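Taken in order, these protein sequences are the chains called A and B.
FYI, our numbering numbers position 512 of the first sequence as 512, with every residue one higher than the one before it.
Adding 1000 to a residue's 1-based position in the second sequence gives its number in our numbering.
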Amino acid sequence: MLALGISAFYHDSAAAIVGDGEIIAAVQEERFSRRKADAGFPVNSVNYCLRAADVQIADLDYVVYYEKPLLTFDRLLETYLAFAPRGFRSFFRALPIWAKEKLFLTQLIRDRLKELFQEDFPSEKLVFSFHHHSHAASAFYPSPFERAGILVLDGVGEWATTSIGRGAGNSIELSKEIRFPNSLGLLYSAFTYYLGFAVNEGEYKVMGLAPYGSPTYVDAIITNLIDLKPDGSFRLNLEYFDYCTNLKMTTTKFDALFGGPPRLPSEPLTRRHMDIARSIQSVLEEAVLRLGRTVYQETKEKSLCLAGGVALNCVANGRLLREGPFEEIWVQPAAGDAGGALGAALAVSHGAGVQRRHLAKSPRDGMHGAFLGPQFTDAEICAFLTRVGAVYEVLDDQQVIEKTVDALTEQEVVGWFQGRLEYGPRALGNRSILADPRSPQMQRKVNLSIKYRESFRPFAPAILAEHLSQYFDLPADSQYMLLVGQIRPSWHVSPPPDETDLTGLMKLGVRRTEFPAITHVDYSSRVQTVHEATNSRFHRLLKAFHSRTGCPMVLNTSFNVRDEPIVCSPEDAYRCFMGTEMGVLVMGTAILYKSNQWPLSH
Amino acid sequence: MPHGERDPVTSRVKAFYEDITFPNYDGLEGFGDIVRKGAANSFSSALLNAIGFNKLVLEIGCGTGQLSHYLQLNNNEVLGVDLSVSSLSLAIKHKLENDLHRSSFVQMDVFDLAIKDASFDAVVCNGVLHHTPNPRRAFTEIVRTVKPGGLVVVGLYNRFARIPFKLRSLLFRLVRRQHKDVVSRRSNDPRKVSTWIRDQYFNPHETLHTLDEVLRWFREERIEFVNCIPAVIGTSGEGRGDPFAPSDTGNRFLRLVSQLGWIGTIGREGGLFVVVGRRRSDDASAKAPDIRGASETPMAVARTSRQTTTS
């Protein structure tokens, strides 16, 4: 039973292929097209998935689209009617695109498949999943749990914005939902917009800004914006939001409540912005905690699966794990809409009765570490490097590790390109930029001369799973960098730094722990645990770094610059390496030193 | 002309650019901003792409050095040359503040370049030659520095596309209005606006050039035409994504129609057109010194003996 899942035409297109319940491949279109959050039909991703599974289009039993287009149209229309005549402009601006792309989606997808493969795809094999069912399937089916509660949180799918339910064996049942326009995702996005960041991309910046502020606006939010019930259900006061009727997110009433108009991206971040970020983050965490408790009361399951864009809020996830009723939490690493492609394919497969065989294996999680994208052989890598005239050296397996550790300890920033590309927004050690987390200058160095940005966020550590509890207060593994934990006090510098004269962003420069490059101003850290079973070379690298330095973690940030997608091919990686001040690039077993690339004369 | 003396035009232009530093930093501009702006700008990002990796780049008339700094990405070494010491000192200030290693700056006169023949992979001279007393001779000087097969990028005011500007300038003089009241130039920094107005409207010396004139220079100096920005209509370079991809020159008529069309397009932004070429790789007159593997830096390539070296 072979199913190909597709998400497209909204943002962040992707394709995933599932064979007899086993995830064979999954990839986002932006990684091929090099257009961030590419929303077009995922031509390259579909091609790649079929190649990875070594099948033809005719071999597919199903092609599954991740949502029901008619229901979404229904929402757009009803929302317009409810607010008419306001919102006329935004409705009619959205309408032609929807009419063309979504209403006639069956035909559109078949046309694109025909263009691609020169053969008609039978319409009875083209099926549609519900948006939240796709998310729920992506969260539950690959999880290591036989049965679990399910919580889906996002902006909006067809109608649902929040869904809760249960998964057991092969079945998923969503029992309750909260509907548009009441949405935690859109609430958070409204604040993202207000704080001057890009909606759908800047949400994690709001989360990263929050620790600088105080939750002084929590009351204002709770009293005016959101009516949050004890069970976590909520209603938004639409006088403050404009996403139903307008293309911007907040109203003048919203501006008045928070003391000014939205911040322009070029304006500096002030104390007020930090306080607002902290406040909305606190409200979100509270809502997620309450919803978690409700899922527990409804299902009495001891495990929880999470998906949907809001599930990428790793601070809220960390609190839910520590303070919530669940023993274990599993978050789909591609929690956003890209993950819908995988969920849709899984939903059809398991819905047709295919067993979740990964539960009998080790590791019990079916995501293969999220390493589901294209890979390149050493021969392909070397052929490329030779073609572009790069100066490189091919090492044996052990030397690769040793030379990389040499570079890291010499305070070089290393591009690390190995194996299959990650699915989802995080680089987890196959398309990563690595550096020494102990260095006080590293946060600044990586931001200014590699990422070319001024950032108020620290980087994330990748740590040997075996050493997690020694360094971080996190009760469970965090394979996908989706949980935030506190650094244990034994690693704090003593005496604690004097910060009385420091305000706002100056605080990040202060050395608080032995690992300043990965420590946030509130001593928190977005942890990734590295496991031998899912990434053995990266695991060996960390072990070697540990035995050399006594430090079992490295700084890990995604292999890209500026606002570009994460690198996919050796060419992307080489261009990124050459275009920045990265000192060393390791691709497979090939190593390149910037200082050897002629004519650098220093 | 003996060394150390300059003709009156050069002296006036130098004095002008000592006074206004162009294009200037607006104070907040870190290197990250330069990278972001450079990547977002279709000309500079395509230029960096065309230059490639590990190259030696010479920018003649680098001003305050933004483009030179941007082009030192991709592991390139860039030498920025300008007459104005005050502009160069801003370039060096930025270099030091941002810990950049591969851009260097030297004060030189384009008619007296202390640079060996055929020593750079690319030479960029954008919006400079039309402020010199003899653009044709200056062109000979700059292409001399390019290796066979190397890239030549020259931007000049176009005789046709500059017409709207000339008219506007005349109008200002007639109505005696303040330029800043009339010129709409989108920038959040008033200092940048006034710098731009002075550069455009009060320049002590400027000449205008046609595409055919530059093509003649190319032929005479054995430079192969690559493309023109904006592209000539009806040529293979038109409508391509990459303005540095090889194109044909079109015929005389198409070139004339294109340049007249520029009045309405680049005419609004000052009328600067860019011609891209490559020095023929079989050019026997160029002796490429083999500096691969040698310890020489681009700075060593420059004979610095009698020049004011500022970095």
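Note that beta-carbon positions come from the ideal geometry of N, C-alpha and C, so glycine has one too.
Keep in mind that this is a model prediction, so the values were computed, not measured.
- Taking 9 angstroms as the threshold, the shortest C-beta distance from B:F1053 to chain A falls below it.
- Rounded to whole angstroms, the gap between the alpha carbons of B:F1105 and B:A1091 is 8 angstroms.
- The C-beta distance from A:S13 to A:F41 rounds to 7 angstroms, short enough to meet the 8 angstroms contact threshold.
- Check the Cα spacing between B:F1139 and each of B:R1255, B:L1256, B:H1209 and B:E1097: the tightest is with B:H1209.
- Remark: fewer than three beta-carbon pairs, one from each stretch, lie closer than 8 angstroms, so the segment 330-346 of chain A and the segment 52-61 of chain A are not flagged as touching.
- What A:E454 touches in chain B, judged by beta-carbon distance under 8 angstroms, is G1030 and G1032, going in chain order.
- Rounded to whole angstroms, the separation of the alpha carbons of A:S138 and A:T534 is 19 angstroms.
- In this structure, B:V1146 is the residue among B:L1073, B:V1146, B:S1086 and B:T1010 with its C-alpha nearest to the C-alpha of B:L1058.
- Between the segment 132-150 of chain A and the segment 170-185 of chain A there are three or more C-beta pairs closer than 8 angstroms, enough to call the two in contact.
- With the criterion set as a beta carbon lying under 8 angstroms from some beta carbon of chain A, the members of the segment 1065-1080 of chain B are L1073, N1074, N1075 and E1077, in sequence order.
- Three or more pairs of CB atoms, one per stretch, sit closer than 8 angstroms, so the segment 1050-1065 of chain B contacts the segment 1118-1127 of chain B.
- Straight across, the Cα-Cα distance linking A:P440 with B:D1099 is about 17 angstroms.
- Just so you know, the alpha carbons of B:N1076 and A:N237 end up roughly 55 angstroms apart.
- Contact between A:D242 and A:Y10 is ruled out by a C-beta separation of about 20 angstroms, above the 8 angstroms threshold.
- Between A:K451 and A:R364, the C-beta spacing is not below 9 angstroms.
- Listed along the chain, the chain A residues whose CB falls inside 8 angstroms of the CB of B:R1012 amount to none; the nearest CB is some 37 angstroms away.
- Here B:S1103 is bridged, per DSSP, to B:V1078.
- In the three-state DSSP reduction, A:Q28 falls in the strand class (E or B).
- Between B:V1143 and B:R1279, the C-beta spacing is below 9 angstroms.
- Of all residues in the segment 563-578 of chain A, only M578 come within less than 7 angstroms of chain B when Cβ atoms are compared, listed by chain position.
- DSSP, reduced to helix, strand and coil, places A:Q375 outside both helices and strands of the structure shown, so it counts as coil.
- Look at B:P1148 here: in three-state DSSP terms it is strand.
- For A:V584, no CB of chain B lies under 9 angstroms from its own CB, so it is not counted at the interface with that chain.
- Assignment of A:T513 by DSSP, reduced to helix, strand and coil, places it in the strand class.
- Listed by position along chain B, the residues whose Cβ is nearer than 8 angstroms to that of A:L474 form an empty set, because the closest Cβ is around 33 angstroms away.
- Pairing B:L1171 with B:L1272 gives a Cβ-Cβ distance that is not under 9 angstroms.
- Fully contained in the segment 103-186 of chain A are the following beta strand (DSSP E) runs of length 3 or more, in chain order: 126-128, 147-153, 160-168 and 171-179.
- At least one C-beta of chain B is nearer than 9 angstroms to the C-beta of A:N447.
- Annotation: A:V413 is outside any alpha helix (DSSP H) and is labelled neither H nor E by DSSP.
- If the five residues before and after A:V348 are omitted, its C-beta is found closer than 6 angstroms to the C-beta atoms of A3, Y62 and V64, all from its own chain and listed in chain order.
- A direct Cα-Cα distance of roughly 35 angstroms separates A:E402 from A:E29.
- By the C-beta density criterion, A:E285 is buried, having at least 16 other C-beta atoms within 10 angstroms.
- Straight-line measurement puts the Cα of A:Y523 at about 11 angstroms from the Cα of A:E514.
- In the structure shown, the three-state DSSP call for B:W1196 is helix.
- Between A:V527 and A:L541, the C-beta spacing is not below 9 angstroms.
- Annotation: A:I276 to A:K205 spans about 13 angstroms, alpha carbon to alpha carbon.
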